[in-house]
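For reference, the structure is listed below as structure tokens.
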């Protein structure tokens, strides 16, 4: 009994490698490879079994990288001035601020993913359109923006896409996470309908909109304050 | 019938193109490192289904070595100057936004209409993968529209695409690598070890404590694994079902729905969720790799607390 409990705890060594590797800022690829070998070793896999398990799992998760298919077309459009056009388009709207624009995007992202529109928003929307628009809106409001503000706005644009996608997707009944919840509860003897699960995802979706939305409006204030001393 | 394998081959061709043009880029001192890196990634998509597990594993280790030891640099493909871009943006007007918007439009329309579509009695595509296939069709249609309209040199999609790919660099393989690590954690029983620790050392005598332990456990375990999907089965079996449902009579549907979302709060806070947090930082050319996480933490923590309260208020009532 003691032996098996001890063996269980040892498997956590891989987690320790990851945590310290990231904290000490080693290259993440090397950290993960190290964690793979440590976990394989503590889990009593041979070296070749570990390498095969790594190859199998990497191959199985190729789905994640299909999003990179947008790179060629986004690149072609950027070459022709897509980001600049996005800035110009938004600068014509007087009421547009970085925060309000991102708030609108948060709303659209939550609604569209709740209706089943899945796409890699970061590569297909944020980099080519949303981030430049938010920067453009901030420039229109305050004349010019510092490099720090520009980077801050970009990070908020990426964050807004994630918040919108995470806290909208579970309202759609046919999404992966809903199906996982259903299958686990079904196996445990509690058959649930996907629609029930979707329904109970709505309160959190609303709270996410309110919390992140409030932060986006505060971003506008923060950007305006940063501008003051230069005036 | 269009299947997932066709999507992978398309991705493979794109990365193979990046590799070829990287190798020809004399302005990049690390051009052969870039070519090897993107070439191996292309090979994974073109041949991964036939290579076998061990060969795929060796391929991954080569990618790790190239990316981890600095063999990949920034290519310098010829592109337009900022002035040329501004002039082009002025000249072409808002129509420039149209091809970019074509991607989500086609992805959505395809998802809604193509699932069971047939041509002459033959199924058009694998219905289970309709979202990814529609997304692929959207990117190809947008690319075709952009090429026909803008008429850049023929190699432009590969040259401009590798400009963006190089800005992501080694981080491009991080999401898949982390997913693989998660799978190996599961194989080695890390989940059981974590739930052992949780149930042995946490006070779980009252409903509120069980709810806190479950939601925080989901978030923390997601932070470690980078994926709420990996955390959900473990935490639900360890704390959710035995305590919240069986012992205290909570509603399993509410527990599952809100518990998963508590896990998503963890996803917002971890570099392990590379495709959401690290790749976008690279894609937006942010010098701080963790800038997106820093922008998300102040949303994630209050939202996690809100989920705990929400679950406590709802799960024992309905």
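Protein chains in written order, with this note's numbering: chain A, 516 to 746; chain B, 487 to 804.
Virtual Cβ for every residue (Gly too), placed ideally from N, Cα, C.
Simplified DSSP state of residue i, which is helix, strand or coil
i              : result
residue 722(B) : helix
residue 803(B) : coil
residue 687(A) : coil
residue 711(A) : helix
residue 777(B) : helix
residue 526(A) : coil
residue 511(B) : coil
residue 697(A) : helix
residue 734(B) : coil
residue 629(B) : helix
residue 540(A) : coil
residue 678(B) : helix
residue 761(B) : helix
residue 536(B) : helix
residue 558(B) : coil
residue 608(A) : coil
residue 739(A) : helix
residue 679(A) : helix
Per DSSP, cross-strand counterpart(s) of residue i
i              : result
residue 609(B) : 604(B)
residue 488(B) : 611(B)
Environment of residue i [buried if 16+ CB atoms lie within 10 Å]
i              : result
residue 599(B) : exposed
residue 664(A) : buried
residue 607(A) : exposed
residue 658(A) : exposed
residue 774(B) : exposed
residue 566(A) : buried
residue 608(B) : exposed
residue 510(B) : exposed
residue 518(A) : Residue confidence is low: residue 518(A) scores 36 on pLDDT, short of 50, so the model does not pin down where it sits. No coordinate-derived value is stated.
residue 642(A) : buried
residue 536(B) : exposed
residue 632(A) : buried
residue 727(A) : buried
residue 524(A) : exposed
residue 602(B) : exposed
Any C-beta of chain B under 8 Å from that of residue i
i              : result
residue 735(A) : no
residue 696(A) : yes
residue 535(A) : no
residue 626(A) : no
residue 620(A) : no
residue 669(A) : yes
residue 681(A) : yes
residue 711(A) : yes
residue 615(A) : no
residue 521(A) : Confidence at residue 521(A) is low in this model, with a pLDDT of 46, below 50, so its placement is unreliable and no value can be given for it.
residue 631(A) : yes
residue 651(A) : no
residue 580(A) : yes
residue 685(A) : yes
residue 563(A) : yes
residue 678(A) : yes
residue 647(A) : no
residue 573(A) : yes
C-beta neighbour in chain A for residue i, strict 8 Å
i              : result
residue 589(B) : yes
residue 646(B) : yes
residue 640(B) : no
residue 670(B) : yes
residue 682(B) : yes
residue 685(B) : no
residue 565(B) : yes
residue 806(B) : The requested residue 806(B) does not occur in the structure, where chain B is confined to residues 487 to 804.
residue 805(B) : The structure shown has nothing for residue 805(B), since chain B only spans 487 to 804.
residue 531(B) : yes
residue 725(B) : no
residue 553(B) : yes
residue 528(B) : no
residue 489(B) : no
residue 599(B) : no
Beta-carbon separation (whole angstroms), residue i vs residue j, contact threshold 8 Å
i              : j              : result
residue 661(B) : residue 760(B) : 5 Å
residue 590(B) : residue 591(A) : No, residue 590(B) and residue 591(A) are not in contact; Cβ-Cβ is about 17 Å, not under 8 Å.
residue 701(B) : residue 743(B) : Not really, about 12 Å apart at Cβ, beyond 8 Å.
residue 521(B) : residue 502(B) : Not a contact, Cβ separation roughly 10 Å.
residue 707(B) : residue 721(B) : 6 Å
residue 619(B) : residue 493(B) : 6 Å
residue 745(B) : residue 718(B) : 7 Å
residue 589(A) : residue 638(A) : 7 Å
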